[in-house]
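In the working numbering, the protein residues as written are 1 to 221.
Just so you know, even glycine gets a beta-carbon here, dropped at the ideal spot from N, CA and C.
Predicted, not measured: the structure shown is a model, and the values here were computed from it.
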């Protein structure tokens, strides 16, 4: 997911790009919950980045995790970039998860994964990596992660976040993500929202050059 952006920023910044539990090289670790994952991220950042401060960039599910980390550790996170993150709960989450449970096996099928890759604008040279990750995604991880995602609300701690926050959405996002942008910016003091024209739920993969330039601007400000 982050390889195109990492290539754009190669040599400029120190980057830490962890696998989430239940995904790719960490597929054997249960996802559990957002709180569990943020516990691990907190420890990882402390170990690798020391006292900080750091900039956290999160996409989709990762935006929610980044927001939780910033709310928990404003002493460690001083800049936050939330890309296409949902912040308003999905109606009827139990029904959504029941439907997902009945079709969860599709995520591991190559044909379905290829359709998802196209939707996310995964470039050809990263397609094999995406297919591998999809094939190792367990039903439990899928349900846990999606369950957390569709019930998510803005963490209360972000209402006093002292750092800078940038909210990014594509012009072709689903309505829930577009609506969430307002929820983020209304909750986080001094935050701003920008719409990336022509992008859907695929900004890091469709527009890595633009995103890299925007991050340089943010870090230089």
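In the DSSP assignment, residue 220 falls outside any beta strand (DSSP E) and lies within the alpha helix (DSSP H) extending over 208-220.
By the C-beta density criterion, residue 17 is exposed, having fewer than 16 other C-beta atoms within 10 angstroms. Fewer than three Cβ pairs drawn from the region 22-36 and the region 113-128 lie within less than 8 Å of each other, which leaves the two stretches out of contact.
When secondary structure is reduced to three states using DSSP, residue 59 falls in the strand class.
In this structure, DSSP gives residue 96 a helical state, which the three-state scheme calls helix.
Membership of residue 177 in the alpha helix (DSSP H) is indicated by the continuous run 175-187. The beta carbons of residue 215 and residue 203 sit no closer together than 8 Å.
In its chain, beyond the 5 residues on either side, 79 have a beta carbon closer than 6 Å to the beta carbon of residue 55. Counting along the chain, no alpha helix (DSSP H) covers residue 192; the unbroken beta strand (DSSP E) around it starts and ends at 192-196.
For residue 147, the uninterrupted alpha helix (DSSP H) run begins and ends at 139-151, by DSSP.
Taking 8 Å as the cut-off, the Cβ atoms of residue 87 and residue 180 count as close. When the beta-carbon positions are compared, residue 158 and residue 84 stay at least 8 Å from each other.
In the structure shown, the three-state DSSP call for residue 170 is strand. Judged by DSSP in its simplified three-state form, residue 73 adopts coil rather than helix or strand.
Beta-carbon to beta-carbon, residue 69 and residue 95 are separated by about 30 Å, too far to satisfy the 8 Å threshold. The beta carbon of residue 44 lies closer than 8 Å to those of 16 and 18 in the same chain, with the five residues before and after it left out.
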